[in-house]
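Peer 1:
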Amino acid sequence: MHTLNPDRLPRHLAVIMDGNGRWAKQRMLRRIVGHQRGVETVRLIVEECSTLGIGYLTLYAFSTENWLRPKSEVTALMTLLKKYIRSETPRMMKNNIRFNVIGDRSELPPDVEREVTDALTQTASNSGMVLTLALSYGSRQEIVRAARQLAGDMAAGRITLDEVDETLFNGYLYTADMPDPDLLIRTSGEMRISNFLLWQLAYTELYYCDVNWPDFGKKELHRALHDYQARERRFGQTSDQLQKRS
Ligand code: FPP
113 MHTLNPDRLP RHLAVIMDGN GRWAKQRMLR RIVGHQRGVE TVRLIVEECS TLGIGYLTLY
173 AFSTENWLRP KSEVTALMTL LKKYIRSETP RMMKNNIRFN VIGDRSELPP DVEREVTDAL
233 TQTASNSGMV LTLALSYGSR QEIVRAARQL AGDMAAGRIT LDEVDETLFN GYLYTADMPD
293 PDLLIRTSGE MRISNFLLWQ LAYTELYYCD VNWPDFGKKE LHRALHDYQA RERRFGQTSD
353 QLQKRS
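The numbering used here applies: residue 113 is where the sequence shown begins, and numbers increase by one.
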């Protein structure tokens, strides 16, 4: 592995962890075994991102659409999430990681919600990497929720129409306190956003790789980060403009 430039790491890395089911199918195993192996990858990538000094890592763990999967798979995923959060909280404390969740938590089973609340409380004062799990998360739902809250605040006279701009709107999103992702990785060869962080990904660099999530490891993560470091982020400007400013 070539060394990464520590000054040019993404401040915020977002990941769509895809391909657990296919990984299992290729091995004639049950889908849930793919998810179990996926959890191992989560452990590895969280540890590595924290060691590298990435500020924010956001993982798409369960979408609003995932509730439509067979009940047995939903239950198994919820059990894995609960166990992961419970077993990883001590390691988050050790590594100074602050746990965070985005999504509609009211939909989570009470036992999962309890683990979430416990981990949020325990890690609240940690000052290292912010690990965000997107749970029961859908970006369109997030945007509609933000619009409703904003409209409510306006109807109540707390804000005026003239105050509404991107910064104000951003403040109503689940991600209000986070910078936008610099890099989005999606595994398993699919090239879709799948209702993930639609507003926040406006200028994010996208990286797709063919490896299924259970096979994604340090080597693949470093490859993605190298690829990111070789890119020029123009934010709508020209290359010349950027060079003049630096
Ligand atoms: C996509 O694979 C993955 C998911 C729907 C869930 C991701 C969940 C995990 C990695 C495990 C639990 C997470 C944590 C944070 C402990 P897929 O089932 O869509 O795969 P397929 O497209 O090949 O069927």
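Don't be surprised by glycine CBs; every beta carbon is placed ideally from N, CA and C.
Is Asp130 near ligand 1 - that is, is its Cβ less than 7 Å away from at least one heavy atom of it?
Peer 2: yes
Peer 1: Taking 7 Å as the cut-off, is the beta-carbon of Tyr196 closer than that to any non-hydrogen atom of ligand 1?
Peer 2: The closest heavy atom of ligand 1 lies less than 7 Å from the beta carbon of Tyr196.
Peer 1: Indicate, with yes or no, if ligand 1 has a heavy atom lying under 7 Å from the CB of Gly150.
Peer 2: It does: the Cβ of Gly150 is within 7 Å (strictly closer) of some heavy atom of ligand 1.
Peer 1: For Ala126, tell me which candidate among Asp223, Val242, Thr233 has the shortest Cα-Cα distance.
Peer 2: Val242
Peer 1: Counting along the chain, where does the alpha helix (DSSP H) carrying Ala259 start and finish?
Peer 2: 251 to 267
Peer 1: Note the first and the last residue of the continuous beta strand (DSSP E) segment covering Thr170.
Peer 2: 168 to 175
Peer 1: Enumerate in chain order the residues of its own chain whose CB-to-CB distance from Arg149 is below 6 Å, with the five nearest sequence positions on each side excluded.
Peer 2: Pro326
Peer 1: Do Arg123 and Asp294 have their C-beta atoms closer together than 8 Å?
Peer 2: yes
Peer 1: State the Cα-Cα distance for the pair Ile157 and Gln355, rounded to the nearest angstrom.
Peer 2: Their backbone Cα atoms lie some 33 Å apart in a straight line.
Peer 1: Excluding the five sequence neighbours on either side, which residues of its own chain have a C-beta within less than 8 Å of the C-beta of Thr272, listed in chain order?
Peer 2: Met266
Peer 1: If we count the other Cβ atoms within 10 Å of its Cβ and call it buried at 16 or more, is Gly146 buried or exposed?
Peer 2: Using a 10 angstroms sphere on the CB of Gly146, the tally of other CB atoms reaches 16 or more, which defines it as buried.
Peer 1: Assuming Asp292 and Gln312 form a contact by the criterion Cβ under 8 Å, report the distance between their Cβ atoms to the nearest whole angstrom.
Peer 2: 5 Å
Peer 1: Using alpha carbons as the reference points, say which of Val276, Phe281, Leu247, Thr279 lies closest to Ile128.
Peer 2: For the set Val276, Phe281, Leu247, Thr279, the Cα lying nearest the Cα of Ile128 is the one of Leu247.
Peer 1: What does DSSP give as the partner residue(s) for Asn212 in the beta ladder?
Peer 2: Asn212 is bridged by DSSP to Thr244.
Peer 1: Give the secondary structure of His114 by DSSP, where H, G and I count as helix, E and B as strand, and everything else as coil.
Peer 2: coil
Peer 1: CA-CA distance, His115 and Asp223?
Peer 2: As written in the sequence, residue 115 is Thr, which differs from the His given in the question. Their backbone Cα atoms lie some 42 Å apart in a straight line.
Peer 1: Between which two residues does the alpha helix (DSSP H) containing Val186 stretch?
Peer 2: 183 to 206
Peer 1: Give me, in chain order, the residues of the same chain whose beta-carbon lies closer than 6 Å to that of Ala336; leave out the 5 immediate sequence neighbours on both sides.
Peer 2: Ile297, Tyr319
Peer 1: Go ahead and label Met303 buried or exposed: buried means 16 or more other beta carbons lie within 10 angstroms of its beta carbon, across all protein chains shown.
Peer 2: exposed
Peer 1: Can Leu232 and Phe211 be called in contact, C-beta distance under 8 Å?
Peer 2: yes
Peer 1: Pick out whichever of Phe174, Ile197, Glu332, Val213 has its Cα sitting closest to the Cα of Ser306.
Peer 2: Phe174
Peer 1: Let me know the secondary structure DSSP gives Tyr340 once reduced to three states.
Peer 2: The answer is helix: DSSP assigns Tyr340 an H, G or I state.
Peer 1: Which same chain residues end up closer than 8 Å to Trp179 when comparing Cβ atoms and leaving out the 5 residues on each side of it in sequence?
Peer 2: Cβ-Cβ distances below 8 Å link Trp179 to Val186, Glu219, Ser248 in the same chain, with the five nearest sequence neighbours on each side left out; the list follows chain order.
Peer 1: Kindly identify the DSSP beta-bridge partner or partners of Ala314.
Peer 2: Its beta-bridge partners do not exist; DSSP assigns none.
Peer 1: Under the assumption that Thr201 contacts Gln234 (Cβ atoms under 8 Å), give the Cβ distance between them as a whole number of angstroms.
Peer 2: 6 Å
Peer 1: Which two residues bound the contiguous alpha helix (DSSP H) that contains Ile157?
Peer 2: 143 to 164
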